[in-house]
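Keeping their order, the protein sequence lines are chains A and B.
Numbering that gives the first Met the number 0 numbers the first residue of the first sequence as 0 and each following residue consecutively.
Numbering that gives the first Met the number 0 numbers the first residue of the second sequence as 0 and each following residue consecutively.
Think of the CB as a built atom: it goes at the ideal place given N, C-alpha and C, for glycine as much as any other residue.
Bear in mind the structure is a predicted one, so any value in this text is a computation, not a measurement.
Number of protein chains: 2
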Amino acid sequence: MGRTAVSAEDIKLKLVETEEPDENDYRLQEQVGFILRKAHQRHVSIFAAHIADLTPPQFAALAKLHDVGETSQNQLGSLIAMDAATVKGVIDRLKARGLVELSKHEVDKRRLLVNLTAEGRDAIERLIPIAREITEETLAPLSAKEAAIFMKLLAKLA
Amino acid sequence: MGRTAVSAEDIKLKLVETEEPDENDYRLQEQVGFILRKAHQRHVSIFAAHIADLTPPQFAALAKLHDVGETSQNQLGSLIAMDAATVKGVIDRLKARGLVELSKHEVDKRRLLVNLTAEGRDAIERLIPIAREITEETLAPLSAKEAAIFMKLLAKLA
DNA sequence: TTGATATCATTTGCATACGAATGAATTTGA
DNA sequence: TCAAATTCATTCGTATGCAAATGATATCAA
Numbered sequence: 000m001g002r003t004a005v006s007a008e009d010i011k012l013k014l015v016e017t018e019e020p021d022e023n024d025y026r027l028q029e030q031v032g033f034i035l036r037k038a039h040q041r042h043v044s045i046f047a048a049h050i051a052d053l054t055p056p057q058f059a060a061l062a063k064l065h066d067v068g069e070t071s072q073n074q075l076g077s078l079i080a081m082d083a084a085t086v087k088g089v090i091d092r093l094k095a096r097g098l099v100e101l102s103k104h105e106v107d108k109r110r111l112l113v114n115l116t117a118e119g120r121d122a123i124e125r126l127i128p129i130a131r132e133i134t135e136e137t138l139a140p141l142s143a144k145e146a147a148i149f150m151k152l153l154a155k156l157a
Numbered sequence: 000m001g002r003t004a005v006s007a008e009d010i011k012l013k014l015v016e017t018e019e020p021d022e023n024d025y026r027l028q029e030q031v032g033f034i035l036r037k038a039h040q041r042h043v044s045i046f047a048a049h050i051a052d053l054t055p056p057q058f059a060a061l062a063k064l065h066d067v068g069e070t071s072q073n074q075l076g077s078l079i080a081m082d083a084a085t086v087k088g089v090i091d092r093l094k095a096r097g098l099v100e101l102s103k104h105e106v107d108k109r110r111l112l113v114n115l116t117a118e119g120r121d122a123i124e125r126l127i128p129i130a131r132e133i134t135e136e137t138l139a140p141l142s143a144k145e146a147a148i149f150m151k152l153l154a155k156l157a
């Protein structure tokens, strides 16, 4: 008698429970987005410890300009993954510090050309070796093989 | 004769070149920090497409409160990797929207306790399934096996 | 050619993110 | 016990980051 004493309500409850074990075990700490944010924070912190007077976006702008030479503000932004509003602020601050200079495009009057100053060129050339150390330190928790795999997968995600 | 015609200058030049092929081949696009930033940007964009009325940090705060219940503002911050100044802004905005309520700690008068409101609880429980989809879509460029490896390595980095 | 579109840059508003300084309350240690 | 150190929260200043609106200039298409 007792062994078969399972009501319809019991069964329904069981089903509901196994159908959605969802809300109970959502672990924020294991979600990509959350960990990506933390990993990025850690990198920024390592960067700041090595290069105190420049932010990563500012460094990116200088490094890219060093790479490609004169470009328009918007184009530079697309090269370093910054929208127009953001890149403007970054360039303004670099200009205020004399690392970059602006000029108007002769033909297309909408464009604002950006270029490194001599000081900006010196700065970026001096900083690139340090940037290599920053990359290295950021990846330090991984073995060489792990780092290679990680970079490949990260590039797929980005 | 011709085969051994290598001057001291030639050798020095060769050495210099192999000692620092550095500044010439620094590729911003291949640095961890740069790609991490882009991957994070992509995730935030995916998040916004699924959950328009909440930011990832706001979601994190609600999810963590749902997980651990009432906590102090600072403690919540450390649980979701936000410093005191940042967490205050996030909590202020959640409070203004009625998703969270604040109260003073009876014993330790320095602490400000944060708790979900009924509305906040409803919201986070409704959003968690969507957050799973966001995680899934963020990892979509990777196979299941790649995603598992990536998450393991990313966790090591963060 | 000219009217519709598109592009480049700027501005505004909002939301992280964090260092540094400050004040209040608590804990520690001599 | 009481002064020093620590912790919690707030505020200020600076720097991304992005959506949306705007104005100027270019390009395209009918």
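Determine the direct distance from the alpha carbon of LEU35 (chain A) to that of ALA157 (chain B), and round the result to whole angstroms.
-> The C-alpha of LEU35 (chain A) is placed about 7 Å away from the C-alpha of ALA157 (chain B).
Cα separation between GLY119 (chain B) and MET150 (chain B)?
-> 29 Å
In terms of residues, what are the limits of the beta strand (DSSP E) holding LEU112 (chain A)?
-> Here the beta strand (DSSP E) through LEU112 (chain A) covers 111–115.
Compile a chain-ordered list of the residues in the segment 36–68 of chain A whose CB is closer than 9 Å to at least one CB of chain B.
-> ARG36, LYS37, ALA38, HIS39, GLN40, ARG41, HIS42, VAL43, ILE45, PHE46, PRO55, PRO56, PHE58, ALA59, ALA62, LYS63, HIS65 and ASP66
To the nearest angstrom, how far is it from the Cα of LYS94 (chain A) to the Cα of ALA139 (chain B)?
-> 40 Å
Min CB distance GLY119 (chain B) to chain A below 9 Å = For GLY119 (chain B), the answer is no, since every Cβ of chain A falls outside 9 Å of its Cβ.
Between which two residues does the alpha helix (DSSP H) harbouring GLU69 (chain A) extend?
-> Run containing GLU69 (chain A): none; DSSP gives neither H nor E here.
Can you find a C-beta in chain B that's less than 9 Å from the C-beta of LYS155 (chain A)?
-> yes
What span of residues does the alpha helix (DSSP H) with LYS103 (chain A) cover, start to end?
-> Here LYS103 (chain A) belongs to no alpha helix (DSSP H); instead the beta strand (DSSP E) covers 99–103.
8 Å Cβ cut-off: residues of chain A touching LEU27 (chain B) = ALA59, ALA62, LYS63, ASP66 and ILE79
Are the C-beta of GLY32 (chain A) and some C-beta of chain B separated by less than 9 Å?
-> yes
Extent of the continuous alpha helix (DSSP H) to which ILE45 (chain B) belongs | 31–49 is the span of the alpha helix (DSSP H), which, as asked, contains ILE45 (chain B).
Check the C-beta distance from THR116 (chain B) over to GLU132 (chain B) and give it rounded, since I have them as a contact under 8 Å.
-> At roughly 25 Å, the Cβ-Cβ gap does not stay under 8 Å, so THR116 (chain B) and GLU132 (chain B) are not in contact.
Just checking my contact of LEU27 (chain A) with ALA59 (chain B) at CB under 8 Å: how many whole Å lie between their CB atoms?
-> Rounded, the Cβ-Cβ distance is 6 Å, consistent with contact.
As assigned by DSSP and simplified to three states, the class of ILE79 (chain A) | coil
Run of the alpha helix (DSSP H) containing LYS151 (chain B), from where it starts to where it stops | 143–156
Pick out whichever of A:VAL113, A:PHE46 and A:VAL31 has its Cα sitting closest to the Cα of ASP66 (chain A).
-> A:VAL113
Ordered along the chain, which non-local residues of its own chain (more than five positions away) have a Cβ less than 7 Å from that of ILE148 (chain B)?
-> none
Does the beta carbon of ARG131 (chain B) sit closer than 9 Å to a beta carbon anywhere in chain A?
-> It does: the Cβ of ARG131 (chain B) has a partner Cβ on chain A nearer than 9 Å.
Chain A residues whose Cβ lies nearer than 9 Å to that of THR137 (chain B) | What THR137 (chain B) touches in chain A: GLN30, VAL31, GLY32, LEU35 and LEU156.
Proximity test, Cβ basis, 9 Å: THR134 (chain B) and chain A = yes
Does the Cβ of HIS39 (chain B) have 16 or more other Cβ atoms within 10 Å, making it buried, or fewer, making it exposed?
-> Answer is buried; the Cβ neighbour count reaches 16.
Using the beta-carbon of each residue, which ones in chain A are nearer than 7 Å to GLU145 (chain B)?
-> Think of a sphere of 7 Å around the beta carbon of GLU145 (chain B): the chain A residues whose beta carbon falls inside it are LEU152, in chain order.
Can you tell me the Cβ-Cβ gap for GLY32 (chain A) and THR134 (chain B), rounded? I've got them flagged as a contact below 8 Å.
-> 7 Å
is_contact[LEU90 (chain B), chain A] using C-beta, thresh 9 Å = The question names Leu, but residue 90 (chain B) is Ile in the sequence shown. Closer than 9 Å: no.
Cross-chain neighbours of LEU141 (chain A) in chain B, by beta carbon under 8 Å = LEU152, LYS155 and LEU156
Round the Cβ separation of LEU152 (chain B) and GLU145 (chain A) to the nearest angstrom and send it over; I've been treating them as touching at under 8 Å.
-> 6 Å
Count the other CB atoms, across all protein chains shown, that sit within 10 Å of the CB of PRO128 (chain A); report buried if there are 16 or more and exposed otherwise.
-> exposed
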